[in-house]
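In the numbering used here, the protein residues as written are 43 to 373.
Backbone N, C-alpha and C define an ideal beta-carbon position, used for all residues, glycine too.
Below: one structure, written as structure tokens.
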Ligand SMILES: [Zn+2]
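Next up, the structure:
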């Protein structure tokens with residue numbers, strides 16, 4: 043007999059649906075290639091176990107199969123009898139062999155036909171069961187400016203694909219596939235151009251549909267989820283299209299006024315500090331903010347009067363003089 047599904051599942055002819063299921067589960071666990079090893083023998087065994095269950099768990103298929111099996115056993119019994127009776131009548135062993143192998147061939151082809159229709163069904167159903175690919179999660183870092191204006195980022199993602207050589211079967215002509223080392227899949231870098239919309243918030247997720255791991259059996263690919271991380275910057279904050287920045291000025295500039303250099307998106311800009319500028323005072327640099335479409339924001343700087351460190355003796359003397367002049371001995 044080509045395949046005896048009862049034997050494969052190690053069950054009796056009178057097993058109940060539950061018994062068939064339990065036997066299948068036990069064997070499928072035991073012979074899963076991930077557990078028992080990726081050898082051709084194991085894979086073959088695992089396939090047979092699945093085929094057997096495919097047929098025996100389906101009432102209609104099982105009924106047909108049981109009939110065919112019964113018939114096969116019967117014809118096998120008869121042919122044995124025939125061969126035996128033929129044996130008695132012949133003295134030519136070669137002829138006997140030819141006869142018997144012909145008979146065997148006939149029997150197998152009959153059986154194979156029936157069997158083929160089952161396994162084709164089983165296989166096509168297996169193929170028809172679509173499995174969605176795994177989702178992939180990744181991170182993208184952008185600057186605050188990119189977050190406000192929107193940007194396009196190019197990212198490279200490592201993706202798993204079905205091995206192009208063995209088509210995921212792990213073996214080529216019975217030997218382990220050399221391309222994927224028998225894994226059935228390979229990893230490739232895929233380049234994505236991701237458009238990040240203007241105004242995106244920190245930790246927002248961008249979903250790229252079906253750019254995740256490949257689906258199996260015609261199933262959809264998984265999705266690719268990108269978490270946006272807006273890079274923390276100590277120097278800048280944003281408020282809409284405006285950029286907020288603190289600038290440090292020394293007491294003499296705050297008192298006397300002066301010019302300092304401020305770095306902005308459009309380069310360094312000379313900023314005039316008026317005399318008597320107070321700590322916390324805000325100065326607007328028009329047009330130095332974020333560009334978005336046809337609009338452009340401003341840069342708003344907040345003055346921080348910084349106490350100079352590491353003063354020279356001369357400077358300390360000057361501060362002393364200032365104190366005497368202002369008569370600020372006691373506050
Ligand atoms: Zn391969």
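Asked	Found
Less than 7 angstroms separating the Cβ of residue 256 from some heavy atom of ligand 1?	no
Ignoring anything shorter than 4 residues, give me the alpha helix (DSSP H) runs that lie fully in the stretch 278 to 309, in order along the chain.	293 to 298
For residue 216, verify whether its CB is less than 7 angstroms away from any heavy atom of ligand 1.	no
Determine the extent of the beta strand (DSSP E) in which residue 234 is found, giving its start and end residues.	227 to 238
For ligand 1, is there any heavy atom lying closer than 7 angstroms to the beta carbon of residue 221?	yes
Does DSSP put residue 324 in a helix, in a strand, or in coil?	strand
Taking the alpha-carbon positions, what's the residue 162 to residue 266 distance?	Its pLDDT being 49, under 50, residue 162 is placed unreliably by the model, and the measurement read from it follows with that caveat. Those two C-alpha atoms are separated by around 35 angstroms.
With DSSP as the reference, label residue 181 as helix, strand or coil.	strand
DSSP three-state label for residue 245, please.	coil
Nearer than 7 angstroms: is that true of the beta carbon of residue 29 relative to any heavy atom of ligand 1?	Outside the modelled stretch of the chain, which goes from 43 to 373, sits residue 29, for which no answer is possible.
What do you reckon, is the C-beta of residue 208 under 7 angstroms from a heavy atom of ligand 1?	yes
For the candidate residues 191, 58, 357, whose alpha-carbon lies nearest to that of residue 100?	58
Among residues of its own chain, excluding the 5 on either side of residue 216, which ones have a beta-carbon nearer than 8 angstroms to its beta-carbon?	82
Is the beta carbon of residue 212 within less than 7 angstroms of some heavy atom of ligand 1?	yes
State the start and end residues of the unbroken alpha helix (DSSP H) segment that holds residue 91.	82 to 98
Would a C-beta distance cut-off of 8 angstroms place residue 85 and residue 69 closer than the cut-off?	no
Short of 7 angstroms in beta carbon distance, which residues of its chain neighbour residue 308, apart from the five on each side in sequence? Order them along the chain.	330
Return the residue from the list 51, 286, 244 that minimises the CA-CA distance to residue 192.	244
Exposed or buried, residue 354, counting other C-beta atoms within 10 Å across all chains shown (16 or more means buried)?	exposed
Based on the DSSP secondary-structure assignment, which residues constitute the bridge partners of residue 271?	183
Secondary structure at residue 314, three-state DSSP: helix, strand or coil?	strand
In the DSSP assignment, find the beta strand (DSSP E) that holds residue 200 and state where it starts and stops.	193 to 204
For residue 40, tell me which candidate among 315, 188, 283, 186 has the shortest Cα-Cα distance.	Residue numbering for the chain in the displayed model covers 43 to 373; residue 40 lies beyond these limits and cannot be assessed.
Using only the heavy atoms of ligand 1, determine whether one of them is closer than 7 angstroms to the beta carbon of residue 330.	no
What residue from 287, 302, 288 has the CA that sits closest to residue 386's CA?	Given a span of 43 to 373 for the chain in the structure shown, any question on residue 386 remains unanswerable.
Thinking C-beta only, is residue 264 closer than 8 angstroms to residue 176?	yes
Between which two residues does the alpha helix (DSSP H) containing residue 59 stretch?	59 to 72
Tell me the DSSP bridge mates of residue 346?	290
In the DSSP output, what is residue 334 paired with across the bridge?	337
Where do the N-terminal and C-terminal ends of the alpha helix (DSSP H) with residue 360 fall, by residue?	355 to 368
Leaving out the 5 sequence neighbours to the left and right, which residues in its chain are closer than 6 angstroms to residue 224 when beta-carbon positions are compared?	80, 212, 218
Roughly how many angstroms lie between the CA atoms of residue 325 and residue 288, to the nearest whole one?	10 angstroms
I'd like to confirm the pairing. Which residues does DSSP put opposite residue 173 in its beta bridges?	258
I'd like to know if the stretch 250 to 264 and the stretch 189 to 209 are in contact, where contact means that at least 3 CB-CB pairs between them fall below 8 angstroms.	yes
By the DSSP assignment, the alpha helix (DSSP H) with residue 251 in it spans what residues?	Counting along the chain, residue 251 falls outside any alpha helix (DSSP H), and DSSP gives it neither H nor E.
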